[in-house]
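Note that this note's numbering has the sequence shown beginning at 12, numbered continuously upward.
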Amino acid sequence: WVGVAVMVYAAISLLVTIENCFNVIVRAPVGRRWTRRVPLYWFVLTVSPLAVFAWYSVNGWFDTWIASVETWNWLLYLVLLGWNLLGAWLLMLAVYTLMPSSSPQWKPAAIGAAVSAMLLVIGLRGFGAYLNNAFTIGQLYGSLGLIPLFMFWVYLMWLAVLFGLEVAAILQALPGRRLEELERERKAEALVDPAAVMGVMEVIGERFMLGQSSSLVQLCERTGLPEVAVSKMLSGLAMENLVHRLEGPTDTVTLARSPDQISGVQLLEIAFRLVDYGDAGTGSALLARLRQAQRDLIDQTTLAGLVTEN
(Lines of atoms letter the chains of each structure in order from A and count residues from 1; the text may use other names and numbers.)
(Lines give C-alpha, C1' and ligand atoms only; values in the text may rest on other atoms or scores of the structure.)
Protein backbone atom coordinates (compact mmCIF):
# COMPACT_ATOMS: atom_id res chain seq x y z
CA TRP A 1 0.00 0.00 0.00
CA VAL A 2 2.86 2.38 0.68
CA GLY A 3 4.17 1.92 -2.84
CA VAL A 4 0.72 2.53 -4.32
CA ALA A 5 0.28 5.68 -2.22
CA VAL A 6 3.67 7.01 -3.30
CA MET A 7 2.90 6.26 -6.95
CA VAL A 8 -0.50 8.02 -6.76
CA TYR A 9 1.07 11.03 -5.04
CA ALA A 10 3.82 11.24 -7.67
CA ALA A 11 1.30 11.00 -10.52
CA ILE A 12 -0.96 13.70 -9.05
CA SER A 13 2.02 15.97 -8.33
CA LEU A 14 3.18 15.56 -11.92
CA LEU A 15 -0.25 16.47 -13.29
CA VAL A 16 -0.50 19.49 -10.97
CA THR A 17 2.91 20.69 -12.19
CA ILE A 18 1.88 20.21 -15.83
CA GLU A 19 -1.38 22.10 -15.29
CA ASN A 20 0.44 24.97 -13.54
CA CYS A 21 2.97 25.22 -16.38
CA PHE A 22 0.19 25.25 -18.97
CA ASN A 23 -1.75 27.88 -16.99
CA VAL A 24 1.31 30.15 -16.96
CA ILE A 25 1.69 29.83 -20.75
CA VAL A 26 -1.98 30.50 -21.56
CA ARG A 27 -2.12 33.17 -18.81
CA ALA A 28 -4.99 31.50 -17.00
CA PRO A 29 -5.98 33.66 -14.00
CA VAL A 30 -6.59 30.81 -11.54
CA GLY A 31 -6.36 27.04 -11.49
CA ARG A 32 -9.21 24.56 -11.27
CA ARG A 33 -10.90 23.56 -8.06
CA TRP A 34 -10.03 20.10 -6.81
CA THR A 35 -13.61 18.98 -7.42
CA ARG A 36 -12.91 19.46 -11.13
CA ARG A 37 -9.28 18.35 -11.03
CA VAL A 38 -9.93 14.90 -9.57
CA PRO A 39 -12.18 13.62 -12.43
CA LEU A 40 -9.85 15.13 -15.03
CA TYR A 41 -6.74 13.63 -13.45
CA TRP A 42 -8.46 10.26 -13.12
CA PHE A 43 -9.41 10.38 -16.80
CA VAL A 44 -5.86 11.29 -17.86
CA LEU A 45 -4.23 8.64 -15.68
CA THR A 46 -6.52 5.87 -16.95
CA VAL A 47 -6.97 6.77 -20.62
CA SER A 48 -3.43 7.96 -21.43
CA PRO A 49 -1.70 4.59 -20.85
CA LEU A 50 -4.36 2.83 -22.92
CA ALA A 51 -3.97 5.34 -25.76
CA VAL A 52 -0.18 5.04 -25.75
CA PHE A 53 -0.38 1.24 -25.66
CA ALA A 54 -2.83 1.20 -28.58
CA TRP A 55 -0.61 3.60 -30.52
CA TYR A 56 2.49 1.46 -30.08
CA SER A 57 0.56 -1.72 -30.85
CA VAL A 58 -0.64 -0.31 -34.17
CA ASN A 59 2.88 0.93 -34.93
CA GLY A 60 4.29 -2.54 -34.26
CA TRP A 61 1.68 -4.10 -36.51
CA PHE A 62 2.51 -1.57 -39.26
CA ASP A 63 6.26 -2.25 -38.95
CA THR A 64 5.71 -6.01 -39.22
CA TRP A 65 3.42 -5.61 -42.20
CA ILE A 66 5.77 -3.24 -44.03
CA ALA A 67 8.69 -5.61 -43.51
CA SER A 68 6.67 -8.41 -45.14
CA VAL A 69 5.81 -6.36 -48.24
CA GLU A 70 8.44 -6.39 -50.96
CA THR A 71 7.18 -3.50 -53.10
CA TRP A 72 6.07 0.07 -52.40
CA ASN A 73 7.88 0.08 -49.08
CA TRP A 74 8.55 3.81 -49.28
CA LEU A 75 4.85 4.56 -49.69
CA LEU A 76 3.98 2.37 -46.73
CA TYR A 77 6.59 4.13 -44.61
CA LEU A 78 4.98 7.44 -45.55
CA VAL A 79 1.62 6.04 -44.41
CA LEU A 80 3.21 4.96 -41.13
CA LEU A 81 4.73 8.40 -40.69
CA GLY A 82 1.36 10.01 -41.37
CA TRP A 83 -0.26 7.73 -38.81
CA ASN A 84 2.35 8.69 -36.22
CA LEU A 85 1.80 12.38 -36.91
CA LEU A 86 -1.97 11.96 -36.69
CA GLY A 87 -1.76 10.07 -33.40
CA ALA A 88 0.64 12.57 -31.86
CA TRP A 89 -1.50 15.46 -33.09
CA LEU A 90 -4.68 14.05 -31.56
CA LEU A 91 -2.87 13.37 -28.29
CA MET A 92 -1.41 16.88 -28.04
CA LEU A 93 -4.70 18.49 -29.09
CA ALA A 94 -6.44 16.66 -26.25
CA VAL A 95 -3.72 17.71 -23.80
CA TYR A 96 -3.85 21.38 -24.86
CA THR A 97 -7.63 21.56 -24.59
CA LEU A 98 -8.07 19.56 -21.37
CA MET A 99 -5.14 20.41 -19.09
CA PRO A 100 -5.09 24.25 -18.91
CA SER A 101 -7.86 25.76 -16.80
CA SER A 102 -8.33 28.32 -19.61
CA SER A 103 -7.72 26.37 -22.80
CA PRO A 104 -6.91 28.09 -26.11
CA GLN A 105 -9.38 28.18 -28.98
CA TRP A 106 -9.65 25.15 -31.24
CA LYS A 107 -7.79 26.51 -34.27
CA PRO A 108 -4.71 27.86 -32.41
CA ALA A 109 -4.66 24.70 -30.30
CA ALA A 110 -4.75 22.55 -33.45
CA ILE A 111 -1.83 24.46 -35.02
CA GLY A 112 0.19 24.31 -31.81
CA ALA A 113 -0.55 20.59 -31.48
CA ALA A 114 0.63 20.05 -35.08
CA VAL A 115 3.94 21.80 -34.33
CA SER A 116 4.41 19.79 -31.16
CA ALA A 117 3.45 16.53 -32.92
CA MET A 118 6.08 17.05 -35.62
CA LEU A 119 8.75 17.72 -33.00
CA LEU A 120 7.70 14.67 -30.97
CA VAL A 121 7.75 12.34 -33.99
CA ILE A 122 11.15 13.69 -35.05
CA GLY A 123 12.45 13.21 -31.53
CA LEU A 124 11.02 9.70 -31.26
CA ARG A 125 12.39 8.58 -34.62
CA GLY A 126 15.73 10.29 -34.00
CA PHE A 127 16.13 8.67 -30.59
CA GLY A 128 15.31 5.25 -32.02
CA ALA A 129 17.71 5.71 -34.94
CA TYR A 130 20.48 6.78 -32.57
CA LEU A 131 20.04 3.75 -30.33
CA ASN A 132 19.97 1.38 -33.32
CA ASN A 133 22.80 2.78 -35.43
CA ALA A 134 25.09 4.93 -33.31
CA PHE A 135 27.83 3.77 -31.00
CA THR A 136 25.91 2.43 -28.02
CA ILE A 137 26.63 3.76 -24.58
CA GLY A 138 25.76 0.36 -23.21
CA GLN A 139 29.02 -1.05 -24.56
CA LEU A 140 30.90 1.28 -22.21
CA TYR A 141 28.66 1.67 -19.16
CA GLY A 142 26.08 -1.10 -19.46
CA SER A 143 22.34 -0.55 -19.34
CA LEU A 144 22.65 2.20 -16.71
CA GLY A 145 24.47 4.36 -19.24
CA LEU A 146 21.19 4.83 -21.14
CA ILE A 147 19.46 6.49 -18.17
CA PRO A 148 21.07 9.96 -18.55
CA LEU A 149 20.48 9.85 -22.31
CA PHE A 150 16.84 8.90 -21.81
CA MET A 151 16.34 11.66 -19.22
CA PHE A 152 17.82 14.23 -21.61
CA TRP A 153 15.52 12.99 -24.37
CA VAL A 154 12.49 13.28 -22.08
CA TYR A 155 13.56 16.85 -21.26
CA LEU A 156 13.73 17.73 -24.96
CA MET A 157 10.31 16.20 -25.59
CA TRP A 158 8.86 18.21 -22.70
CA LEU A 159 10.27 21.36 -24.30
CA ALA A 160 8.55 20.35 -27.55
CA VAL A 161 5.22 20.04 -25.71
CA LEU A 162 5.64 23.47 -24.09
CA PHE A 163 6.73 25.03 -27.39
CA GLY A 164 3.59 23.80 -29.12
CA LEU A 165 1.42 25.37 -26.42
CA GLU A 166 3.43 28.60 -26.70
CA VAL A 167 2.65 28.65 -30.42
CA ALA A 168 -1.05 28.14 -29.69
CA ALA A 169 -1.08 30.93 -27.09
CA ILE A 170 0.71 33.36 -29.42
CA LEU A 171 -1.60 32.59 -32.35
CA GLN A 172 -4.62 33.19 -30.15
CA ALA A 173 -3.26 36.56 -28.96
CA LEU A 174 -2.09 37.91 -32.33
CA PRO A 175 -4.82 37.50 -34.99
CA GLY A 176 -5.42 40.82 -36.72
CA ARG A 177 -3.30 42.74 -34.25
CA ARG A 178 0.06 44.39 -34.70
CA LEU A 179 2.88 44.03 -32.22
CA GLU A 180 2.93 47.80 -31.70
CA GLU A 181 -0.68 47.69 -30.51
CA LEU A 182 0.09 44.89 -28.07
CA GLU A 183 3.06 46.82 -26.73
CA ARG A 184 0.92 49.90 -26.16
CA GLU A 185 -1.67 47.80 -24.35
CA ARG A 186 1.03 46.22 -22.21
CA LYS A 187 2.36 49.61 -21.18
CA ALA A 188 -1.13 50.91 -20.50
CA GLU A 189 -1.89 47.94 -18.24
CA ALA A 190 1.31 48.57 -16.29
CA LEU A 191 0.42 52.23 -15.51
CA VAL A 192 -0.70 52.21 -11.87
CA ASP A 193 -0.28 54.48 -8.87
CA PRO A 194 3.23 54.05 -7.40
CA ALA A 195 1.60 53.71 -3.98
CA ALA A 196 0.12 50.40 -5.20
CA VAL A 197 3.50 48.84 -4.40
CA MET A 198 2.64 49.45 -0.75
CA GLY A 199 -0.53 47.42 -1.10
CA VAL A 200 1.30 44.54 -2.76
CA MET A 201 3.98 44.52 -0.07
CA GLU A 202 1.33 44.65 2.66
CA VAL A 203 -0.19 41.43 1.33
CA ILE A 204 3.25 39.80 1.05
CA GLY A 205 4.15 40.96 4.58
CA GLU A 206 0.86 39.76 6.02
CA ARG A 207 1.26 36.30 4.52
CA PHE A 208 4.93 36.27 5.56
CA MET A 209 3.92 36.77 9.21
CA LEU A 210 1.54 33.82 8.83
CA GLY A 211 4.36 31.67 7.46
CA GLN A 212 2.95 31.63 3.93
CA SER A 213 4.37 32.56 0.53
CA SER A 214 2.54 34.76 -1.99
CA SER A 215 1.83 33.81 -5.59
CA LEU A 216 1.17 36.21 -8.45
CA VAL A 217 -2.45 35.08 -8.69
CA GLN A 218 -3.03 35.61 -4.96
CA LEU A 219 -1.55 39.11 -5.09
CA CYS A 220 -3.73 40.07 -8.07
CA GLU A 221 -6.84 38.78 -6.31
CA ARG A 222 -6.09 40.59 -3.04
CA THR A 223 -5.07 43.94 -4.56
CA GLY A 224 -7.27 44.01 -7.68
CA LEU A 225 -4.27 45.04 -9.79
CA PRO A 226 -3.56 43.68 -13.30
CA GLU A 227 -1.17 40.78 -13.60
CA VAL A 228 1.29 42.74 -15.76
CA ALA A 229 1.61 45.49 -13.15
CA VAL A 230 2.07 43.10 -10.23
CA SER A 231 4.63 41.04 -12.16
CA LYS A 232 6.59 44.22 -12.91
CA MET A 233 6.49 45.20 -9.23
CA LEU A 234 7.75 41.78 -8.14
CA SER A 235 10.65 42.01 -10.58
CA GLY A 236 11.65 45.41 -9.20
CA LEU A 237 11.29 44.28 -5.59
CA ALA A 238 13.36 41.17 -6.29
CA MET A 239 16.14 43.26 -7.87
CA GLU A 240 16.21 45.39 -4.69
CA ASN A 241 16.45 42.20 -2.57
CA LEU A 242 13.20 42.96 -0.76
CA VAL A 243 11.46 39.78 -1.92
CA HIS A 244 12.84 36.37 -2.74
CA ARG A 245 11.48 34.28 -5.61
CA LEU A 246 10.70 30.68 -4.69
CA GLU A 247 11.18 27.69 -6.93
CA GLY A 248 8.11 26.47 -8.74
CA PRO A 249 6.15 26.75 -11.99
CA THR A 250 4.29 29.88 -10.84
CA ASP A 251 5.62 33.29 -9.84
CA THR A 252 5.78 32.89 -6.04
CA VAL A 253 7.66 35.18 -3.65
CA THR A 254 8.24 35.82 0.03
CA LEU A 255 10.00 38.56 1.98
CA ALA A 256 13.79 38.52 1.84
CA ARG A 257 14.11 40.34 5.17
CA SER A 258 12.08 41.10 8.27
CA PRO A 259 9.12 43.50 7.75
CA ASP A 260 10.46 45.92 10.37
CA GLN A 261 13.64 46.32 8.28
CA ILE A 262 11.73 47.54 5.19
CA SER A 263 10.87 51.23 5.28
CA GLY A 264 7.92 52.78 3.52
CA VAL A 265 10.12 55.38 1.84
CA GLN A 266 12.24 52.62 0.35
CA LEU A 267 9.14 51.02 -1.16
CA LEU A 268 8.01 54.36 -2.59
CA GLU A 269 11.39 54.99 -4.20
CA ILE A 270 11.22 51.59 -5.89
CA ALA A 271 7.71 52.37 -7.11
CA PHE A 272 8.83 55.72 -8.52
CA ARG A 273 11.64 54.07 -10.44
CA LEU A 274 9.28 51.47 -11.87
CA VAL A 275 6.89 54.14 -13.12
CA ASP A 276 9.65 56.40 -14.46
CA TYR A 277 11.41 53.62 -16.38
CA GLY A 278 11.73 54.57 -20.03
CA ASP A 279 9.66 57.75 -19.58
CA ALA A 280 10.67 61.34 -20.08
CA GLY A 281 8.86 64.22 -18.50
CA THR A 282 9.34 63.15 -14.86
CA GLY A 283 10.85 66.55 -14.03
CA SER A 284 7.51 68.27 -13.33
CA ALA A 285 7.66 70.51 -10.26
CA LEU A 286 4.12 69.52 -9.25
CA LEU A 287 4.97 65.84 -9.55
CA ALA A 288 8.08 66.35 -7.43
CA ARG A 289 6.04 68.06 -4.68
CA LEU A 290 3.43 65.31 -4.73
CA ARG A 291 6.08 62.64 -4.39
CA GLN A 292 7.81 64.52 -1.59
CA ALA A 293 4.48 64.74 0.24
CA GLN A 294 4.15 60.97 -0.06
CA ARG A 295 7.65 60.51 1.35
CA ASP A 296 6.92 62.81 4.29
CA LEU A 297 3.64 61.02 5.01
CA ILE A 298 5.29 57.62 5.27
CA ASP A 299 8.70 58.71 6.54
CA GLN A 300 8.63 56.89 9.89
CA THR A 301 6.61 53.90 8.71
CA THR A 302 7.87 50.37 8.14
CA LEU A 303 6.21 47.44 6.43
CA ALA A 304 5.59 45.86 9.83
CA GLY A 305 3.67 48.99 10.87
CA LEU A 306 1.58 48.92 7.71
CA VAL A 307 0.66 45.28 8.25
CA THR A 308 -0.19 45.91 11.91
CA GLU A 309 -2.43 48.87 11.05
CA ASN A 310 -4.48 46.67 8.74
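The beta carbon of each residue, even a glycine, is placed where N, CA and C say it ideally should be.
Per DSSP, which one or two residues make a beta bridge with residue 256?
Looking at the DSSP assignment, residue 256 forms a beta bridge with 264.
At least 3 beta-carbon pairs within less than 8 Å: the stretch 219-236 vs the stretch 263-270
yes
Measure the alpha-carbon distance for residue 204 versus residue 241 and round it to whole angstroms.
12 Å
With residue 305 as the anchor, note down where its alpha helix (DSSP H) starts and where it stops.
296-308
Euclidean distance between Cα positions of residue 302 and residue 243:
Taking the straight line from one Cα to the other gives about 20 Å.
Give the DSSP-derived three-state secondary structure of residue 68 in the structure shown.
helix
Residue range of the unbroken alpha helix (DSSP H) whose run includes residue 14
Residues 13-37.
Can we count residue 234 as close to the ligand ZN, meaning its CB is less than 6 Å from some heavy atom?
Questions concerning the ligand ZN fall outside what the structure shown contains, since it holds no ligand whatsoever.
Less than 7 Å separating the beta-carbons of residue 31 and residue 112?
Taking 7 Å as the Cβ cut-off, residue 31 and residue 112 do not qualify as a contacting pair.
Using only alpha-carbon positions, find the residue among 209, 16, 269 and 183 that is nearest to residue 221.
269
Taking the alpha helix (DSSP H) that residue 313 falls in, what are its first and last residues?
Where residue 313 is concerned, there is no enclosing alpha helix (DSSP H), given that its DSSP letter is neither H nor E.
Any chance the stretch 12-22 sits against the stretch 69-84, with 3 or more Cβ pairs inside 8 Å?
no
Residue from 317, 279, 19 and 297 with nearest C-alpha to residue 307:
279
Decide yes or no for the touch test of the stretch 122-142 against the stretch 98-110: beta carbon pairs closer than 8 Å, at least 3 of them.
yes
Just to confirm the assignment, what range does the alpha helix (DSSP H) spanning residue 216 have?
207-220
What residues match up with residue 274 in a beta bridge as DSSP calls it?
313
Using the rule of at least 16 other Cβ atoms within 10 Å of the residue's Cβ for burial, across every protein chain shown, is residue 95 buried or exposed?
The residue is buried, with at least 16 neighbouring Cβ atoms inside 10 Å.
Tell me, to the nearest whole angstrom, how far the beta carbon of residue 313 is from that of residue 273; I am working on the premise that it is less than 8 Å.
The beta carbons of residue 313 and residue 273 sit about 6 Å from each other, so the pair counts as a contact at 8 Å.
Determine whether the beta carbon atoms of residue 317 and residue 213 lie at a separation below 7 Å.
yes
Report the CB separation of residue 248 from residue 254 in whole angstroms; it is logged as a contact under 8 Å.
4 Å
Any idea what DSSP makes of residue 226, helix, strand or coil?
strand
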